[in-house]
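In what follows, a single structure is set out as structure tokens and then discussed.
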Amino acid sequence: MQEERCEECGSKVVPGLVCDCPPDRTAEKARRRATSERHEWRTFAPDTILVSQTKYAHIPGACDHVSEEYVKAPEWGWIPNPSPGLWGRVGRSHPVTATEGNTQRVADRRCSSCEARLSVT
Numbered sequence: 027m028q029e030e031r032c033e034e035c036g037s038k039v040v041p042g043l044v045c046d047c048p049p050d051r052t053a054e055k056a057r058r059r060a061t062s063e064r065h066e067w068r069t070f071a072p073d074t075i076l077v078s079q080t081k082y083a084h085i086p087g088a089c090d091h092v093s094e095e096y097v098k099a100p101e102w103g104w105i106p107n108p109s110p111g112l113w114g115r116v117g118r119s120h121p122v123t124a125t126e127g128n129t130q131r132v133a134d135r136r137c138s139s140c141e142a143r144l145s146v147t
């Protein structure tokens, strides 16, 4: 059985769940407007680790397929003021649990777009 992937963000689509794309399909439009600059968010500090329902960790404004308006509990959890280096340790061998928002959310991988953007800056 071949796993289904979202055409917009490339995330694995789990039956009964959704990917990280905004419901209005703005991910594609945002990707077209993408630049190497990070977008400043108002609700979350730039070092906050966002935890999606698909177990991906994101950084506010670092990727173009996650918009601030969609990052709300219960769909999302987050880790404000993470310990130094926590972002770099997120992985299958070091999953992280949200401390605010939906505190049942766990991330065991980093968003590749966030990683790429953060490695440029």
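For what it's worth, the working numbering labels the leading residue of the sequence shown as 27, then goes sequentially. The C-beta atom is built at its ideal place from N, Cα and C for all residues, glycine as well.
Give the straight-line distance between the Cα atoms of residue i and residue j, rounded to the nearest whole angstrom.
i, j, result
"Pro100", "Gln79", "9 angstroms"
"Thr69", "Glu94", "8 angstroms"
"Gly117", "Ala83", "9 angstroms"
"Trp104", "Ala133", "10 angstroms"
"Ile75", "Pro106", "7 angstroms"
"Gly114", "Asn128", "22 angstroms"
Since residue i and residue j should fall inside the 8 angstroms C-beta cutoff, what is the C-beta to C-beta distance between them, to a whole number of angstroms?
i, j, result
"Ala142", "Arg131", "23 angstroms between Cβ atoms; not a contact."
"Asp90", "Ser139", "7 angstroms"
First and last residue of the beta strand (DSSP E) that includes residue i?
i, result
"Gly103", "103-105"
"His84", "82-84"
"Val77", "75-77"
Between the options, which has its C-alpha nearest residue i's C-alpha?
i, options, result
"Cys137", "Lys81, Val97, Glu66", "Lys81"
"Pro121", "Val77, Glu66, Trp102, Pro72", "Val77"
"Tyr96", "Asp73, Gly111, Trp67, Arg115", "Trp67"
"Ser119", "Ser109, Arg135, Pro72", "Arg135"
Would you verify that the beta carbon of residue i is, or is not, closer than 8 angstroms to some beta carbon of chain C?
i, result
"Glu66", "No chain C is present in this structure, which holds just one protein chain."
Enumerate in chain order the residues of its own chain whose CB-to-CB distance from residue i is below 8 angstroms, with the five nearest sequence positions on each side excluded.
i, result
"Leu144", "Ile85, Ala88, Trp113"
Grab the span of the alpha helix (DSSP H) containing residue i for me, first residue to last.
i, result
"Gly114", "112-115"
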